[in-house]
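A.B. asks: Quick note on the working numbering: the sequence shown kicks off at 19 and runs consecutively. All C-beta atoms, glycine included, are put in the ideal place defined by N, C-alpha and C. Note that the structure is a prediction, hence the values are computed from the model and not measured.
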Amino acid sequence: MSRLATTFARLKGEGRAALVTYVMGGDPTPGDTAAILDSLVAGGADVIELGMPFTDPMADGPAIQKAGLRALGAKTTTADVFTIAAAFRARHPETPLVLMGYANPMVRRGADWFAAECAKAGVDGVICVDIPPEQDGDLGPALRKAGVDPIRLATPTTDAKRLPAVLDGASGFLYYVSVAGITGLQQAAQASIEDAVARLKAGTDLPVAVGFGVRTPEQAAAIAGVADGVVVGSAIVDIVGQEGAAAAPAVRLFIEALSGAIRSADREKAA
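(1) CB Val2 to CB Tyr120, shorter than 8 Å?
(2) Could I get the ranges of all uninterrupted beta strand (DSSP E) runs contained in the segment 110-136, with 3 residues as the minimum, in chain order?
(3) Please report the distance separating the alpha-carbon of Gly79 from that of Ile241.
(4) Kindly indicate which residue of Gly158, Gly251, Leu29 has the alpha-carbon position closest to the one of Phe132.
(5) Grab the span of the beta strand (DSSP E) containing Glu67 for me, first residue to last.
(6) Among the residues of its own chain, which have a CB less than 7 Å from the CB of Glu152, if the five just before and after it don't count?
(7) Looking at the structure shown, is Arg162 part of a helix, part of a strand, or coil, going by DSSP?
(8) Just verifying my parser: in three-state terms, what is the DSSP assignment at Val195?
(9) Based on Cα-Cα distance, which residue from Thr234, Gly31, Gln260, Val258 lies nearest to Leu276?
(10) Give me the Cα-Cα distance between Ala172 and Leu181, rounded to the nearest whole angstrom.
(11) For Val248 and Lys93, I'd like the C-alpha separation in whole angstroms.
(12) What residue range does the beta strand (DSSP E) around Arg297 cover?
(13) Among Gly69, Leu29, Gly62, Ala238, whose alpha-carbon lies nearest the alpha-carbon of Leu87?
(14) Who are the near neighbours of Ala60 in its chain, counting only those whose CB is closer than 6 Å to its CB and skipping five residues on each side?
(15) Measuring only the C-alpha atoms, how far is Leu90 from Gly44?
(16) In the structure shown, what three-state DSSP assignment does Ile145 receive?
(17) Going by DSSP, what residue range makes up the beta strand (DSSP E) through Thr39?
(18) Could you give the distance in angstroms between the alpha-carbon of Pro267 and the alpha-carbon of Leu55?
(19) Does DSSP put Gly140 in a helix, a strand or coil?
(20) Just curious, the beta strand (DSSP E) that Val248 is in, first and last residue?
(21) Please classify Ala227: does DSSP put it in a helix, a strand, or coil?
(22) Assuming Asp246 and Phe26 make a contact with CB atoms under 8 Å, what is their CB distance in whole Å?
(23) Do Leu58 and Asp142 count as a contact pair if the criterion is CB distance below 8 Å?
(24) According to the neighbour-count rule (16 or more other Cβ atoms, all chains shown, within 10 Å of its Cβ), is Glu236 buried or exposed?
(25) Measure the beta-carbon distance from Ala209 to Ala239 and round it to whole angstroms, keeping in mind my assumption that it falls under 8 Å.
(26) Could you spell out the range, first to last residue, of the alpha helix (DSSP H) harbouring Gly61?
(27) DSSP three-state call for Asp154: helix, strand or coil?
Below you can see the structure in the form of structure tokens.
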């Protein structure tokens with residue numbers, strides 16, 4: 019069983035959703051990212067997404083765009099991201115780590131090379147934003163061959179007819195993008211999230227994690243009542259943008275608030 023599958027199974031047994039957190043690799047510098055990642059774990063994050071900085075992030079809003087520019091301005095490379103990932107894995111052998119980014123850095127040296135580097139660094143899963151499943155003839159198979167979970171995205175426009183294609187070859191978890199837009203700017207209505215999660219879970223046994231627009235403990239708690247995971251990214255990235263190299267303590271406090279809300283929500287639900 020993969021590290022992601024083990025984690026989601028354990029949390030299901032505990033009766034609560036996973037807190038899935040995102041930060042940009044190399045933001046504000048490659049040397050500062052380790053402390054921020056450690057603060058996520060210390061605060062209670064269950065799964066960590068590590069962004070790969072890219073010049074044309076089509077799905078990301080202003081917060082993550084700025085984070086990418088900070089990382090690129092600090093000369094962060096794909097090799098740096100793998101170095102950060104490998105060091106994280108050595109410090110935290112049990113916390114799942116997922117790389118999230120765009121196709122260009124993942125396939126320009128070949129999908130097999132990228133998948134092998136992921137496995138060597140201890141990366142558990144990969145989210146590639148801009149390769150549709152119908153055109154994923156290289157990266158997905160290479161990741162599966164290397165034992166790395168290809169994590170797919172579903173959106174409000176993913177209907178029942180297309181869902182099987184999205185799920186074909188997917189593993190780890192299914193990431194539900196709750197708004198038809200970019201990250202961090204708006205949140206979907208709770209009722210629409212509940213309807214979407216129910217529809218997706220009827221089509222797959224994979225855990226369903228909901229993201230895009232989740233910024234507060236209250237929002238996270240509401241989603242945790244219906245989903246297997248809650249993804250928070252832009253709000254964390256904003257803290258890094260405000261605090262810079264000294265961001266780790268503030269990030270930890272924010273994660274503790276999110277984690278506490280998710281755990282309390284489940285207790286209230288079970289009561």
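C.D. replies: The short version:
(1) Because the chain is modelled from 19 through 289, residue 2 falls outside the range shown and cannot be assessed.
(2) 115-119
(3) 21 Å
(4) Ranking the options by Cα distance to Phe132, first place goes to Gly158.
(5) Per DSSP, Glu67 belongs to the beta strand (DSSP E) from 65-69.
(6) Ala183
(7) helix
(8) strand
(9) Of Thr234, Gly31, Gln260, Val258, the residue nearest in Cα terms is Thr234.
(10) 8 Å
(11) 31 Å
(12) Because the chain is modelled from 19 through 289, residue 297 falls outside the range shown and cannot be assessed.
(13) The candidate whose alpha carbon is nearest that of Leu87 is Gly69.
(14) Arg270
(15) Whole-angstrom Cα-Cα distance: 8 Å.
(16) strand
(17) Segment 36-42, the beta strand (DSSP E) holding Thr39.
(18) Each residue's Cα considered, the two are about 11 Å apart.
(19) coil
(20) 247-250
(21) Correct three-state label for Ala227: strand.
(22) 6 Å
(23) no
(24) exposed
(25) In fact, because the Cβ distance is near 16 Å, the residues do not count as touching under 8 Å.
(26) 48-61
(27) coil
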